[in-house]
Amino acid sequence: MICPVCHAPPPHAGLPAHKDPFGGKTYLLYRCQGCGAAFCDPMENPGPAWYARAAAVWTPARRPEVPAWRLEGLRRLKAENPGPASLLEIGCSDGSFLLEARKLGFEVYGVDFDAEATARARADGLSGVTTGFFEDFAAKSARKYDVIVFFQTLEHLTDPRRFLAEVRGLLAPGGHILFDIPDADRPMPGGSGLIDLPPHHLTRWSARTVKKFLADGGFDITCLESMVTYRILRDAAGSSLAETLGGIKRALSGGGAARGGQDAALPAAQPATAASPSAAFRLFDLTYRCLLAPLAAPLFLAWLAVLRLGGRGFYIFCGAKARP
1 MICPVCHAPP PHAGLPAHKD PFGGKTYLLY RCQGCGAAFC DPMENPGPAW
51 YARAAAVWTP ARRPEVPAWR LEGLRRLKAE NPGPASLLEI GCSDGSFLLE
101 ARKLGFEVYG VDFDAEATAR ARADGLSGVT TGFFEDFAAK SARKYDVIVF
151 FQTLEHLTDP RRFLAEVRGL LAPGGHILFD IPDADRPMPG GSGLIDLPPH
201 HLTRWSARTV KKFLADGGFD ITCLESMVTY RILRDAAGSS LAETLGGIKR
251 ALSGGGAARG GQDAALPAAQ PATAASPSAA FRLFDLTYRC LLAPLAAPLF
301 LAWLAVLRLG GRGFYIFCGA KARP
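Have a look at this one:
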């Protein structure tokens, strides 16, 4: 098959095949020798139902935080191009980013296929948010936008070249795009690398891939940065703290308390039996978690600092301007 990013024909370098542990399907993986993108065969999007199931596991109950680099990129763009401007976010979810963009003076619009998320966005006063698929939205839209943003989107698409052409068609003359995408070589600790494999991520991108993709699509890059996210660093430290506090709770309660904040969903603790942990074991557990678990966060931070010396991050953030 041809590369979905740059349309280079085979042969492509083969990568180890991947079997989806949830759906059971096996995907062949390749790396394009033209642009460096990694992609899968078959290139099949799992569809809204799959993402709805995943959202139950991956989506936080509270409104997610907007990564600082996205807002900083938008502020820079606004400073360089003052005056009224319209902004469209593709895959806007509940409108977290749009609310921040509106504070910066943009007239904001959004589109997302998640009906519940878009309903929350409209309930928060984002009347320009539409429920539906971007392909349908692009075909019907008569409006042109000064800025179009799409965050963590390209890696999910079966035809990213077509998507970029549709985006370009909605841009006003001299319009800009902002987006981010997972770095193909990012470190994912604790087995979390599954998130970068199909059917969740159909393609993996490097800076080289992004440059080729935008050049072919008629864009000039205005910024290209490798980002280490504060959220991942915070979550690493938070997990360490949670383990420590969880250890204290279990030790003091005799080992009967549930983990991970799920107490209400589990049966009530049973009376202690001969198989219950001994006091000595509970003391060891408490000591281990208090003294050793907190080391996970600083060790993880040190590891990332070493990786950053090589210029690698978790995400690639990019801004580009459409050529005339």
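In this text, residue positions in the sequence shown follow our numbering: the first is 1, and each later residue adds one.
Using N, Cα and C, we set each Cβ at its ideal position, and we do this for glycine too.
Delimiting residues of the beta strand (DSSP E) encompassing Phe163: Position 163 of the sequence shown, counting from 1, holds the residue named residue 163. Where Phe163 is concerned, there is no enclosing beta strand (DSSP E), although the alpha helix (DSSP H) it sits in stretches over 160-170.
What first and last residue would you give for the alpha helix (DSSP H) that runs through Lys140? On the sequence shown, position 140 is the one that residue 140 refers to. Start and end: 134-140.
Specify the secondary structure class of His156 as computed by DSSP and reduced to three states. As a first step, residue 156 must be located in the sequence shown, where it is residue number 156. Reduced to three states, the DSSP call for His156 is helix.
Best match in Ala322, Val66, Pro182, Glu107 for proximity to Thr209 [C-alpha to C-alpha]: Within the sequence shown, numbered from 1, the residue matching residue 209 stands at position 209. Of Ala322, Val66, Pro182, Glu107, the residue nearest in Cα terms is Pro182.
Here's a check: name, in chain order, each residue in its chain whose Cβ is nearer than 8 Å to the Cβ of Pro160, leaving out the five neighbours to either side. Counting from 1 along the sequence shown, the entry for residue 160 is found at position 160. Taken in chain order, the residues that qualify are Pro4, Val5, Leu154, Thr203, Phe213.
Roughly how many angstroms lie between the CA atoms of Phe133 and Phe113, to the nearest whole one? As a first step, residue 133 must be located in the sequence shown, where it is residue number 133. As a first step, residue 113 must be located in the sequence shown, where it is residue number 113. Going by the C-alpha atoms only, they are around 5 Å apart.
Cα-Cα separation, Glu116 to Arg31: By one-based count along the sequence shown, residue 116 stands at place 116. By one-based count along the sequence shown, residue 31 stands at place 31. Answer to the nearest angstrom: the Cα atoms are 36 Å apart.
Please report the residue range of the alpha helix (DSSP H) in which Gly73 lies. Position 73 of the sequence shown, counting from 1, holds the residue named residue 73. Taken as a continuous stretch (DSSP letters only), the alpha helix (DSSP H) holding Gly73 covers 68-80.
Inter-residue spacing [alpha-carbon to alpha-carbon] between Phe219 and Ala322: For the purposes of this step, residue 219 is identified with residue 219 of the sequence shown, where counting begins at 1. For the purposes of this step, residue 322 is identified with residue 322 of the sequence shown, where counting begins at 1. Each residue's alpha carbon lies about 4 Å from the other.
Could you name the residues that DSSP lists as bridge partners for Met227? The residue given as residue 227 occupies position 227 in the sequence shown. Beta-bridge pairing links Met227 to Tyr315.
Helix, strand or coil for Ser93, going by three-state DSSP, please let me know. Within the sequence shown, residue 93 is the residue found at index 93, counting from 1. It is coil, neither helix nor strand.
Count Cβ pairs between the segment 69-79 and the segment 28-46 that sit closer than 8 Å; are there 3 or more? no
Apart from the five residues on each side of it in sequence, which residues of its chain come closer than 7 Å, Cβ to Cβ, to Glu100? Position 100 of the sequence shown, counted from the start, is the residue given in the question as residue 100. Counting only Cβ-Cβ distances below 7 Å, and skipping sequence neighbours, we find Val66, Leu71.
Spatial distance of Ile2 from Leu29 (CA atoms): Within the sequence shown, residue 2 is the residue found at index 2, counting from 1. Within the sequence shown, residue 29 is the residue found at index 29, counting from 1. Near 13 Å, if we compare the C-alpha coordinates of Leu29 and Ile2.
Per DSSP, which one or two residues make a beta bridge with Ile195? The residue you call residue 195 lines up with position 195 of the sequence shown. None; Ile195 has no bridge partner.
Tell me whether Glu100 sits in a helix, a strand or coil according to DSSP, three-state version. Along the sequence shown, one-based indexing puts residue 100 at 100. It is helical.
So, at 8 Å on beta carbons, what are the nonlocal neighbours of Asp180 in its own chain, with the 5 sequence-adjacent residues on each side left out? As a first step, residue 180 must be located in the sequence shown, where it is residue number 180. Correct list, in chain order: Pro67, Trp69, Arg70, Phe151, Gln152, Met227, Tyr315, Ile316, Phe317, Cys318.
Hey, how far is the Cα of Gly105 from the Cα of Phe137? To locate residue 105, count along the sequence shown from 1; it is residue 105. To locate residue 137, count along the sequence shown from 1; it is residue 137. Taking the straight line from one Cα to the other gives about 24 Å.
What do you reckon, are the CB atoms on Leu194 and Pro21 nearer than 9 Å? If you number the sequence shown from 1, residue 194 lands on position 194. If you number the sequence shown from 1, residue 21 lands on position 21. Taking 9 Å as the Cβ cut-off, Leu194 and Pro21 qualify as a contacting pair.
Quick check on the DSSP output: the alpha helix (DSSP H) that includes Lys212 runs from which residue to which? Along the sequence shown, read from residue 1 onward, the residue named residue 212 stands at position 212. Where Lys212 is concerned, the enclosing alpha helix (DSSP H) stretches over 207-216.
For Tyr109, write down the residues that DSSP places opposite it in a beta bridge. To locate residue 109, count along the sequence shown from 1; it is residue 109. Per DSSP, Leu88.
Which residues bound the alpha helix (DSSP H) around Ala37? If you number the sequence shown from 1, residue 37 lands on position 37. No alpha helix (DSSP H) holds Ala37; DSSP gives it neither H nor E.
Expected contact under 8 Å - CB spacing of Ala121 and Leu98 to nearest Å: The residue given as residue 121 occupies position 121 in the sequence shown. The residue given as residue 98 occupies position 98 in the sequence shown. The pair is a contact, with the Cβ atoms about 7 Å apart (cut-off 8 Å).
Quick check: what's the CA-CA separation for Glu166 versus Val108? By 1-based counting over the sequence shown, the position of residue 166 is 166. By 1-based counting over the sequence shown, the position of residue 108 is 108. In a straight line, the C-alpha of Glu166 is about 19 Å away from that of Val108.
For the candidate residues His156, Ala139, Ser96, Arg102, whose alpha-carbon lies nearest to that of Thr118? Stepping through the sequence shown from its first residue, residue 118 is reached at position 118. Out of His156, Ala139, Ser96, Arg102, Ser96 has the C-alpha closest to the C-alpha of Thr118.
Any idea which residues DSSP pairs Lys321 with across the strands? For this step, residue 321 is matched to residue 321 along the sequence shown. Partner(s): His176, Asp220.
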